[in-house]
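Below is one structure; the comments refer to it alone.
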Amino acid sequence: MSELSEPLPTPPPEAPPPPAPQPEPEIILRTQGLTRAFHDVKAVNGVDLELRRGEVYGFLGRNGAGKTTTLRMLMGILRPDTGDIELMGQRVRRVGAAQKRHLGYVSQEQVFYPWMTALELGRFVSGFYPHWDDARFQHLLHVLDVPKDRKSAQLSGGTRMKLGLALALSHRPPLLILDEPTAGLDPVARREFLDILRDQVRREGQTALFSSHLVGEVEEVAHRIGILHEGRLRFQGSLDTLRQSVRRVMVMESAPEPLPPGLSLVRRERPPDGRLALVLFGTPGDWANSPFAPETVETLSLENIFLAYARRSDES
Numbered sequence: 044m045s046e047l048s049e050p051l052p053t054p055p056p057e058a059p060p061p062p063a064p065q066p067e068p069e070i071i072l073r074t075q076g077l078t079r080a081f082h083d084v085k086a087v088n089g090v091d092l093e094l095r096r097g098e099v100y101g102f103l104g105r106n107g108a109g110k111t112t113t114l115r116m117l118m119g120i121l122r123p124d125t126g127d128i129e130l131m132g133q134r135v136r137r138v139g140a141a142q143k144r145h146l147g148y149v150s151q152e153q154v155f156y157p158w159m160t161a162l163e164l165g166r167f168v169s170g171f172y173p174h175w176d177d178a179r180f181q182h183l184l185h186v187l188d189v190p191k192d193r194k195s196a197q198l199s200g201g202t203r204m205k206l207g208l209a210l211a212l213s214h215r216p217p218l219l220i221l222d223e224p225t226a227g228l229d230p231v232a233r234r235e236f237l238d239i240l241r242d243q244v245r246r247e248g249q250t251a252l253f254s255s256h257l258v259g260e261v262e263e264v265a266h267r268i269g270i271l272h273e274g275r276l277r278f279q280g281s282l283d284t285l286r287q288s289v290r291r292v293m294v295m296e297s298a299p300e301p302l303p304p305g306l307s308l309v310r311r312e313r314p315p316d317g318r319l320a321l322v323l324f325g326t327p328g329d330w331a332n333s334p335f336a337p338e339t340v341e342t343l344s345l346e347n348i349f350l351a352y353a354r355r356s357d358e359s
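Positions 44 to 359 (the numbering used here) are the ones given, in order, by the sequence shown.
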């Protein structure tokens, strides 16, 4: 006689395995406490930068903020008064010739031997770099519309800048240091430069430290940014983090004392209506728990955030 049996229970589905932990991004450049003074003025004061492989890092600051001094220390042109530089895992006090082989540098002003043509400059520079790629140099001259056989003294400022970019890219350095590289370029040449910069980072896995005072072009190409003001690094992080963290709050007459937990003052402003506006920094969680009424809190464009940092008042 057969026995009726209860069907076996269906086993619960196996839980999916936890996602694999993401590897830590490789740090290609790090500075700690980088400081440089001229006479009694600290042009750069305790700057801690961190650049990751394969990113464009936008280094924003108004003219005179200390950007060029910082980049010249990274290139070994200036010696830091204090602080350290770690380049591709090697800690140095000052960048030397061995490290410079791994760097591509475009300065604000391109100065070449005036009697040399672009091709002659390429042959001259190639001797300093074991991995020089002459085919790439020729291609970049073509793409950037740089005359190959015209003496550098006969080139416009914008064309000299493009020639400097071609020279900097042609030995395929892992790190590009670009000091206001679009200065003097017309809109077409600026567009070509930004396209090439994006292509280099995407295809070659290069890292670029790109200084500018033009918010729009940094916003277009940068993965992360640093904002330098009066020699100090006021912010470092992703564009999304900056946009989510900095907001303007309208208050009636005076700022609350103390500020709500987690919020810090960037700048006080006085709009035409006479009320007081506070530009504050805080995490999304800090903002969610703040006592400010939603109608008094305003999100800001990247340009207005930069202006708030760049015009930072003494009372902040």
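We treat Cβ as the ideally placed atom computed from N, Cα and C, and that holds for glycine.
Exercise for the section: In angstroms with no decimal places, state the Cα-to-Cα distance between Asp238 and Ala232. Expected result: Each residue's CA atom was taken as its position, placing Asp238 and Ala232 some 10 Å apart.
Practice task
Give the DSSP-derived three-state secondary structure of Asp357 in the structure shown.
Solution key: Here the model assigns Asp357 a pLDDT of 42, short of 50, so the residue's position is not dependable, and the following value carries that caveat. DSSP places Asp357 in coil when its eight states are reduced to three.
Handout entry: Reduced DSSP secondary structure (H/G/I, E/B, other) of His272
Key = Strand at His272.
Exercise for the section: Inspect the beta-carbon positions of Leu103 and Gly269 and report whether they are closer than 8 Å. Expected result: Leu103 is a Cβ neighbour of Gly269, given a cutoff of 8 Å.
Exercise for the section: Give the DSSP-derived three-state secondary structure of Lys191 in the structure shown. Expected result: In the structure shown, Lys191 sits in coil (DSSP, three-state: anything other than H, G, I, E or B).
Practice task
Please confirm whether Leu323 and Leu306 have their CB atoms less than 8 Å apart.
Solution key: Yes, these two residues count as a Cβ contact at 8 Å.
Practice task
Could you tell me if Glu300 is buried or exposed, where buried requires 16 or more neighbouring beta carbons within 10 angstroms of its beta carbon?
Solution key: Glu300 should be labelled exposed.
Practice task
Tell whether a beta-carbon distance below 8 Å holds between Val189 and Ala161.
Solution key: In contact: Val189 and Ala161 (Cβ atoms closer than 8 Å).
Practice task
Would you mind working out which of Ile71, Pro217, Arg291 sits nearest Tyr172, comparing C-alpha positions?
Solution key: Nearest in C-alpha terms to Tyr172, of all of Ile71, Pro217, Arg291, is Pro217.
Exercise for the section: Take Val135 and list the residues in its own chain whose beta-carbon comes closer than 6 Å to its own, dropping the five residues that flank it on each side. Expected result: For Val135, where only same-chain residues beyond five positions count, the Cβ hits under 6 Å are Ile128.
Handout entry: Arg95 versus Gly126: straight-line alpha-carbon distance, rounded
Key = Between the alpha carbons of Arg95 and Gly126 lies a distance of about 20 Å.
Exercise for the section: Report all residues from its chain with a CB closer than 7 Å to the CB of Lys85; omit the five preceding and five following residues, and keep chain order. Expected result: Non-local C-beta neighbours of Lys85 in its own chain, meaning closer than 7 Å and more than five positions away in sequence, comprise Thr78, Gly274, ordered along the chain.
Handout entry: Beta-bridge partners of Arg277, as assigned by DSSP
Key = In the DSSP output, where bridge partners are listed per residue, Arg277 has none listed.
Problem - Inter-stretch contact (C-beta, 8 Å, three-pair minimum) for the region 341 to 349 and the region 283 to 297 - result: Three or more Cβ pairs closer than 8 Å define a contact, and the region 341 to 349 meets that threshold against the region 283 to 297.
Exercise for the section: Excluding the 5 residues preceding and the 5 following Thr312 in the sequence, name in chain order all residues of the same chain whose CB lies nearer than 7 Å to its CB. Expected result: With the sequence shown as reference, residue 312 is identified as Glu, and Thr is not the correct amino acid for it. The answer, listed in chain order, is Ala320, Val322.
Practice task
Taking the CB atoms as reference points, tell me whether Asp222 and Ser150 lie closer together than 8 Å.
Solution key: Ser150 sits close to Asp222, with the two beta carbons spaced by under 8 Å.
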